[in-house]
């Protein structure tokens, strides 16, 4: 039996994307549909065992934000502010007339300004304390990205960052919906941002064995569910969604892109970085998200998988999807194109899931040449598939065993 | 008096590093008028030190100072250095 708050529809009235697939929602989405992978050698990582990543192409913060704003922001905040501007413009909300005190910000971020930290640490070691920027702390602290979004648009309501590693963006959106349902605010700016592609952090991920080593062909390295997958490709990006109660959105004549209908969360309580191979906790997150949506597995037509392209994630997740949905849902992982943007990934993928519902299409999983024979799923590959469906699920699972699942429905 | 070269280089630093408006920066304008907060002034001491190779203490640059007076401070340090 569902509880009285189940199925609460949080209307998505604004979208913004800054991803390795492009700057802007439509350019990113077109490249995702075309399955054009974005992995490439990264000059900043030259000489390291893993010397490639998925960066936002052609992102020039000075040009888009102005130098006077850009120099004060960590790259994660720069990406987030640009995505925010697109999302707010898309929403049609007027910041000059809204009640800013009723506008909340809930953003996912995993690693804060670690690249800034790394550069400043080098300054301290090589040139002493007087060479360390006074902006080190405000650029590094993981909460700052939400603070900067509030400053950018005058959002004076509750303001926080959710940190659940690779699930952060999905946790943020689920938490944002809860906040809206509670009545504490009327609008929530939510999503995720991450820009942690520094030499130290990439080396850390490499030492854990989490990253693909396909240095000879970075563009083919992120290959979720493929038999030859060997790890994820680290990425950067930001996604912003504007959420409102559906009655408010309709009353002001806003365009509703989609609806966040359910949210489920769980913890593996198993190991720091290895997912519980039984998949019990991730399954619980999916089932509780469906309950929260007031829906059942048979209602779901499409799953945007966490699908990182690591051996263990994809195997564990495939088992869970099989158990809950059987083989009748069209599964994709958009990480094949964009890599894994960590704390932003769940939000980027929520946007992709909304666009999939809007267009009645499931994007292909880039680089999926040979489905892992142990995976018994209908994973979309090679070309987009027309799937008229009204309900989709987006999975996000983080290191630390933190899991967040969203149920998205068409307006 | 600072020499014009120092003022020009400082002006360029304010525009390129801090994004100050090229139209607004001149010798007479103060850092307060350029919207420099306390963090930006510390950052200025840091980058000026690197650009000019002189010691500038972060407490030496205050919001009410003009660009010209900081150029003079840099020149004075360069002479004694």
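Protein chains in written order, with the numbering used here: chain U, 1 to 411; chain Z, 412 to 492.
Backbone N, C-alpha and C define an ideal beta-carbon position, used for all residues, glycine too.
Nothing here was measured: the structure is a model prediction, and the numbers come from that model.
Using a threshold of 8 Å, state whether the C-beta atoms of residue 31 (chain U) and residue 39 (chain U) are closer than that. Cβ atoms of residue 31 (chain U) and residue 39 (chain U): not closer than 8 Å.
So, residue 79 (chain U) versus residue 235 (chain U), is the Cβ gap smaller than 8 Å? It is not a contact, given that the beta carbons lie outside the stated cut-off.
Pairwise C-alpha distance: residue 223 (chain U) and residue 402 (chain U): If I take the Cα positions, the gap works out to 23 Å.
Selection from Z:455, Z:448, Z:461 and Z:435 that minimises the alpha carbon distance to residue 481 (chain Z): It is Z:455 whose Cα lies nearest to the Cα of residue 481 (chain Z).
For residue 106 (chain U) and residue 265 (chain U), what's the separation of their Cα atoms in angstroms? Between residue 106 (chain U) and residue 265 (chain U), the C-alpha separation is close to 16 Å.
For residue 343 (chain U) and residue 192 (chain U), which I take to be in contact (beta-carbon distance under 8 Å), what is that distance rounded to the nearest angstrom? With 8 Å as the limit, residue 343 (chain U) and residue 192 (chain U) qualify as a contact, their Cβ atoms being about 5 Å apart.
Residue range of the alpha helix (DSSP H) that includes residue 346 (chain U): Residues 345-359.
Please confirm if residue 119 (chain U) has its CB atom under 8 Å from at least one CB of chain Z. With its beta carbon at least 8 Å from every one in chain Z, residue 119 (chain U) lies outside the interface.
In chain order, what residues of the same chain have a beta carbon less than 6 Å from the beta carbon of residue 477 (chain Z), not counting five sequence neighbours either side? In the same chain as residue 477 (chain Z), and ignoring 5 residues on each side of it, the C-beta atoms closer than 6 Å to its own belong to 439 and 441, in chain order.
How about residue 35 (chain U) and residue 301 (chain U): are their beta carbons less than 8 Å apart? Not in contact: residue 35 (chain U) and residue 301 (chain U) (Cβ atoms no closer than 8 Å).
Against chain Z, which members of the segment 334-360 of chain U pass a CB distance test of less than 9 Å? Shown here is that no member of the segment 334-360 of chain U has a Cβ falling below 9 Å from a Cβ of chain Z.
Please state whether DSSP places residue 265 (chain U) in a helix, a strand or coil. Three-state result, residue 265 (chain U): strand.
I want to see whether chain U comes within less than 8 Å of residue 450 (chain Z), judged by CB atoms only; does it? Cβ-Cβ to chain U under 8 Å: yes for residue 450 (chain Z).
Any heavy atom of the ligand FAD within a distance shorter than 7 Å of the CB on residue 83 (chain U)? Among the components of this structure there are no ligands whatsoever, and the ligand FAD is therefore not found.
To the nearest angstrom, report how far apart residue 309 (chain U) and residue 428 (chain Z) are at their CA atoms. Separation of residue 309 (chain U) and residue 428 (chain Z) (C-alpha to C-alpha, rounded to the nearest whole angstrom) is 40 Å.
Would you check if the segment 324-331 of chain U and the segment 237-257 of chain U touch, i.e. whether three or more CB-CB distances between them fall below 8 Å? The segment 237-257 of chain U makes no contact with the segment 324-331 of chain U; the number of CB pairs closer than 8 Å stays below 3.
Can you tell me whether residue 409 (chain U) is helix, strand or coil according to DSSP? Residue 409 (chain U) carries a strand assignment under DSSP once its states are collapsed to helix, strand and coil.
Closer than 9 Å at the beta carbon, the chain U residues around residue 439 (chain Z): Residues of chain U passing the Cβ test: none, with the nearest at roughly 20 Å.
Determine whether the Cβ of residue 429 (chain Z) lies closer than 8 Å to any Cβ atom of chain A. Looking at the structure shown, chain A is missing, and the protein chains on hand are U and Z.
I'd like the span of the beta strand (DSSP E) that includes residue 302 (chain U), first residue to last. In this chain, the beta strand (DSSP E) harbouring residue 302 (chain U) covers 302-304.
DSSP beta-bridge partners of residue 402 (chain U): BP columns for residue 402 (chain U) point to U:267 and U:398.
Could you compute how far the alpha carbon of residue 260 (chain U) sits from the alpha carbon of residue 409 (chain U)? Here the alpha carbons of residue 409 (chain U) and residue 260 (chain U) stand approximately 7 Å from one another.
In whole angstroms, give me the CA-to-CA distance for residue 467 (chain Z) and residue 485 (chain Z). The straight-line gap from Cα to Cα measures roughly 8 Å.
With 16 other Cβ atoms within 10 Å as the buried cut-off, status of residue 414 (chain U): The structure shown has nothing for residue 414 (chain U), since chain U only spans 1 to 411.
Give the secondary structure of residue 451 (chain Z) by DSSP, where H, G and I count as helix, E and B as strand, and everything else as coil. In the structure shown, residue 451 (chain Z) sits in a helix (DSSP, three-state: H, G or I).
Is there at least one Cβ from chain U nearer than 8 Å to residue 471 (chain Z)'s Cβ? Closer than 8 Å to the CB of residue 471 (chain Z) there is not a single CB belonging to chain U.
Can you find a C-beta in chain U that's less than 8 Å from the C-beta of residue 436 (chain Z)? At least 8 Å separates the CB of residue 436 (chain Z) from every CB of chain U.
For residue 65 (chain U) and residue 255 (chain U), I'd like the C-alpha separation in whole angstroms. Per the coordinates, the alpha-carbon of residue 65 (chain U) lies some 27 Å from the alpha-carbon of residue 255 (chain U).
Taking only beta-carbon atoms, is residue 460 (chain Z) less than 8 Å away from chain U? Cβ-Cβ to chain U under 8 Å: yes for residue 460 (chain Z).
Whose C-alpha, out of U:229, U:340, U:52 and U:291, is nearest the C-alpha of residue 3 (chain U)? Residue 3 (chain U) has its Cα closest to that of U:291, out of U:229, U:340, U:52 and U:291.
Do you know offhand how far residue 306 (chain U)'s Cα is from residue 63 (chain U)'s? The straight-line gap from Cα to Cα measures roughly 33 Å.
Going along the chain, which residues of its own chain have a beta-carbon closer than 7 Å to the beta-carbon of residue 7 (chain U), five neighbours each way excluded? Around residue 7 (chain U): 261, 293 and 294.
Can you give me the Cβ contacts of residue 188 (chain U) inside the same chain, cut-off strictly under 7 Å, excluding the 5 residues immediately before and after it? The beta carbon of residue 188 (chain U) sits closer than 7 Å to the beta carbons of 104, 106, 176, 179, 180 and 243 from its chain, once the five residues preceding and following it are set aside; these are given in chain order.
Taking CB distances under 8 Å as the criterion, tell me whether residue 443 (chain Z) reaches chain U. Output row for residue 443 (chain Z): interface = no.
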